[in-house]
Every structure is written in structure tokens, then in C-alpha cells.
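J.:
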Amino acid sequence: MIVAYGFANLLQSVAAARTTVHHTFDPGLLLRLAGHRTYLIGLACQVVGFVLAFLARRDLPLFLVQASVAAGLGVTAVLGVLVLKWRLPLAEMVLLVLLFGGITALVLSAEPAPSRQLGTAGLVGLVAALGVFAGSGFFAARLRGATGSVVLGSLAGMAFSAAAVAARPLASADSAEAFARDPLLYLLVAHSVVGQLLLGLAMQRGSTTAAVAAMDAAGAVPAAIIGLLLLNDRIWPGREWLAGLGFLVTLAAVVGLTRYAEPQHHHATARDREPTAAGAGVVPAQAASTGPRSETTTSTGGVGSAGLAGRRRPITRS
Numbered sequence: 189m190i191v192a193y194g195f196a197n198l199l200q201s202v203a204a205a206r207t208t209v210h211h212t213f214d215p216g217l218l219l220r221l222a223g224h225r226t227y228l229i230g231l232a233c234q235v236v237g238f239v240l241a242f243l244a245r246r247d248l249p250l251f252l253v254q255a256s257v258a259a260g261l262g263v264t265a266v267l268g269v270l271v272l273k274w275r276l277p278l279a280e281m282v283l284l285v286l287l288f289g290g291i292t293a294l295v296l297s298a299e300p301a302p303s304r305q306l307g308t309a310g311l312v313g314l315v316a317a318l319g320v321f322a323g324s325g326f327f328a329a330r331l332r333g334a335t336g337s338v339v340l341g342s343l344a345g346m347a348f349s350a351a352a353v354a355a356r357p358l359a360s361a362d363s364a365e366a367f368a369r370d371p372l373l374y375l376l377v378a379h380s381v382v383g384q385l386l387l388g389l390a391m392q393r394g395s396t397t398a399a400v401a402a403m404d405a406a407g408a409v410p411a412a413i414i415g416l417l418l419l420n421d422r423i424w425p426g427r428e429w430l431a432g433l434g435f436l437v438t439l440a441a442v443v444g445l446t447r448y449a450e451p452q453h454h455h456a457t458a459r460d461r462e463p464t465a466a467g468a469g470v471v472p473a474q475a476a477s478t479g480p481r482s483e484t485t486t487s488t489g490g491v492g493s494a495g496l497a498g499r500r501r502p503i504t505r506s
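In this text, residue positions in the sequence shown follow our numbering: the first is 189, and each later residue adds one.
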């Protein structure tokens with residue numbers, strides 16, 4: 189599961205660099221991304237990760253599964269080093285070790301157990317949350333810069349968190365018929381689509397670090413709390429401290445790796461173009477917003493776009 193999400197992050201990052209910035213809550217962004225073969229391959233990896241995560245939620249607590257999904261960013265960093273020749277500073281090596289240690293602590297502390305059902309009140313809550321996330325995203329899509337990244341990233345994380353909450357009891361369905369008739373299935377799909385769109389918009393606002401950090405915090409923490417309070421998520425007696433420590437270390441390592449996991453060849457492309465834009469009397473940001481977008485193939489095999497392209501990297505979660 190972690191490896192599948194790591195591959196998905198890397199492949200979708202390349203496709204995202206070729207996509208025009210959207211400033212409205214427009215589902216057409218997902219269609220534009222789907223026009224890239226690289227994105228579709230990454231989406232296939234995401235589906236594999238999603239299925240594995242869904243099966244894991246049948247018996248494993250959400251604090252473990254959601255932290256593992258977020259840990260896919262560590263795999264993205266390793267793949268970047270092996271495939272795209274990214275540099276691996278000592279700080280990032282330490283973060284990867286901490287990430288591995290945090291996930292190990294969560295595995296040792298998590299007690300497998302079937303989920304409780306949410307009931308009518310839980311279904312109503314998920315429906316209301318969907319309306320809140322979509323409605324808030326409609327207005328938040330007008331925000332730009334780091335503020336837009338944080339707000340949209342947080343909304344995306346909460347939508348993915350709600351999808352995980354729906355998936356936990358849904359995974360315990362007794363038959364295919366019961367699975368197809370369960371309203372949680374359609375709430376899971378709806379929250380995932382809204383989250384995907386919100387995250388795509390967040391990644392286009394110029395601060396990947398802020399967007400992904402906000403998404404990881406907003407996505408992992410609420411699901412973990414709801415799982416422990418309402419869904420029968422359990423911790424082995426006497427290991428509560430280990431679960432808490434592992435969760436905090438994992439989340440901190442993922443947030444720390446966020447900055448490093450941005451495609452480094454995109455930043456190099458943006459730096460190479462700055463002198464040209466300056467010589468023309470136009471700052472890079474203006475060139476990206478007013479001039480035509482051209483694409484060049486980099487030495488690492490990725491594709492960079494002028495101006496802000498190197499800062500767009502939708503990461504999909506569920």
C-alpha cells in the first residue's frame with residue numbers, strides 16, 4: 189500500500205507540472221490531468237493503494253492505515269533519488285529513518301478489531317460534511333498563494349479523512365450485494381472525488397509544502413480520533429504511549445519530507461528560466477500568468493513548465 193501510493197505521487201507530480209492553473213472549483217481540472225498518460229499510470233497505482241488501504245481498514249485502526257497512506261511520501265522521496273537522481277541530504281535521510289520508526293511503532297501498538305457501524309447519525313454527519321467541504325471549496329478556490337494552499341489542502345485532507353471513516357465500516361460488508369447497497373459506498377466515492385479536486389486546486393496555489401502539510405494534518409488526525417471514539421479502533425493495553433509517539437513521529441516526518449519530495453527537476457527548470465524572464469523585463473510570476481506556456485523535457489525525464497509549473501504537484505489520498 190505504501191509503495192503503491194509512493195509510485196502514484198511521483199508519476200502524478202510529473203503530469204501536474206503540465207496542467208494550467210485553475211482559479212475556480214472546476215471538476216474540469218481532473219479531466220485535464222486525465223489527459224496525460226503519466227497521470228493515468230499514477231492513478232492506476234493510486235487505485236491499487238486505495239484497494240489495499242480499504243482492505244486494511246476492515247480490521248486495522250484508522251490511525252495506522254491513515255499514517256501509512258501519508259507515509260507514501262517517503263517512498264516518493266526514495267524513488268526520486270533512484271529514478272530521477274534527486275539529491276538526498278542528511279536531514280532527509282534522518283526523516284526517512286524517523287518515518288520507518290513511526291510506522292513500526294504504530295504497527296506494534298495497533299490491535300486488530302472489526303469496526304462498529306456508524307448508524308443513521310453517522311451517515312447524516314458524512315452527508316453534511318460533504319456539503320460543507322464542497323461549499324467551502326467553492327469559495328476557497330478563489331484564494332491564491334500560500335493562503336489558498338493551506339485552506340484548500342486542509343479541506344482536501346478532511347474530505348479524505350471522511351472517506352476513510354466511511355471505508356472502515358463499509359469494509360466489513362457481509363456480501364457483494366450488501367456492499368453495493370450500502371450508502372457508505374457512495375459517500376466514500378463522493379468524498380474522494382471532492383478531496384481529489386480540492387487537492388489539485390491546492391497544489392496550483394504556489395506552496396506545495398503548505399498544501400501537503402495541511403492535508404496530512406487535517407487528513408490523519410480527525411480520522412484517528414473518530415476511529416478511536418466511534419469505530420472500535422483499539423490499541424494494545426499498555427501501548428498507548430507507543431501509539432501516540434508513533435503517530436506524532438510519522439506525521440512530523442511526512443510534513444518534513446513534503447518540501448524535499450517536490451520534484452527537484454521542476455525547481456531547476458524554473459531557476460534556469462528566471463534570467464530570460466528578467467532580461468525581458470518581466471518577472472517569472474508575471475510570465476507564467478500572462479505569457480504562453482511552453483514545455484521542455486529535462487535531463488531527468490520530467491517535463492517542466494514556465495513560471496509556477498514546478499510548484500504544482502497534486503498528491504492523491506483517500
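C-beta: ideal position from N, C-alpha, C; glycine also.
Looking only at its own chain, which residues have a Cβ that is under 7 Å from the Cβ of Ala259, when we skip the five neighbours before and after it?
T.: Excluding positions up to five away in sequence, the list reads Ile190, Leu287, Ile291, Thr438, Val442.
J.: Mind checking whether Val353 and Gly415 have CB atoms under 9 Å apart?
T.: A contact, by the Cβ cut-off of 9 Å.
J.: From the DSSP output, read off the bridge partner residues of Arg422.
T.: The partner list for Arg422 (beta bridge, DSSP) reads Glu299.
J.: With a threshold of 8 Å, are at least 3 pairs of Cβ atoms found where one atom belongs to the segment 405-413 and the other to the segment 270-282?
T.: Short answer: they don't touch.
J.: Go ahead and label Gly325 buried or exposed: buried means 16 or more other beta carbons lie within 10 angstroms of its beta carbon, across all protein chains shown.
T.: With 16 or more Cβ atoms within 10 Å of its Cβ, Gly325 is classed as buried.
J.: Could you check the C-alpha separation between Val470 and Arg332 for me, to the nearest Å?
T.: Reliability fails at Val470, whose pLDDT of 40 lies under 50, so the model's placement of it is uncertain and the value that follows must be treated cautiously. If you take the alpha carbons of Val470 and Arg332, they lie about 20 Å apart.
J.: For the segment 347-364 against the segment 413-433, are there 3 or more C-beta pairs whose distance is under 8 Å?
T.: With a cut-off of 8 Å, the segment 413-433 and the segment 347-364 count as touching, because enough Cβ pairs lie within range.
J.: Rounded to whole angstroms, how far is the Cβ of Ser297 from the Cβ of Ile423, which I believe are closer than 8 Å?
T.: At roughly 5 Å, the Cβ-Cβ gap stays under 8 Å, so Ser297 and Ile423 are in contact.
J.: For Gly383, collect the residues of the same chain with a Cβ closer than 6 Å to its Cβ; drop the 5 residues on either side in sequence, then sort them by chain order.
T.: Closer than 6 Å at the Cβ level, and outside the excluded window around Gly383, lie Ala344, Ala347, Phe348.
J.: From Ser477 to Thr335, what does the alpha carbon distance come to, in whole angstroms?
T.: Since pLDDT at Ser477 reaches only 38, below the 50 mark, its modelled position is unreliable, and no value is offered.
J.: Tell me whether Phe327 is buried or exposed, calling it buried when 16 or more other Cβ atoms sit within 10 Å of its Cβ.
T.: By the neighbour-count rule (16 or more Cβ atoms within 10 Å), Phe327 is not buried but exposed.
J.: Keeping to the same chain, check which residues put their C-beta closer than 6 Å to that of Pro249; ignore five residues upstream and five downstream.
T.: Taken in chain order, the residues that qualify are Ala298, Gly415, Asp421.
J.: What would DSSP say about Asp370, mapped onto helix, strand or coil?
T.: Here Asp370 sits in coil by DSSP.
J.: Counting C-beta neighbours from all protein chains within 10 Å, is the total for Arg225 16 or more, i.e. buried, or is it exposed?
T.: Exposed: under 16 other Cβ atoms inside 10 Å.
J.: Whether or not the segment 232-246 and the segment 354-364 are in contact is what I'm after, with contact meaning three or more pairs of Cβ atoms, one per stretch, closer than 8 Å; do they touch?
T.: Output reads yes: the segment 232-246 touches the segment 354-364.
J.: Helix or strand or just coil, what does DSSP make of Glu483?
T.: For Glu483, the predicted structure reports a pLDDT of 39, less than 50, and the residue's modelled location is therefore unreliable. A value from the coordinates is still provided. Residue state, collapsed to three classes: strand.
J.: Could you tell me the distance, in whole angstroms, from the CA atom of Leu231 to the CA atom of Gly262?
T.: Spanning the two alpha carbons is a distance of roughly 18 Å.
J.: First and last residue of the alpha helix (DSSP H) that includes Pro277?
T.: Careful: Pro277 lies outside any alpha helix (DSSP H) and carries neither H nor E.
J.: Look at the alpha carbon of Leu314 and the alpha carbon of Val271, and state the distance between them as a whole number of angstroms.
T.: So the two alpha carbons sit approximately 40 Å from each other.
J.: Could you give the DSSP three-state label for Ser363: helix, strand or coil?
T.: Ser363: coil per DSSP, three-state reduction.
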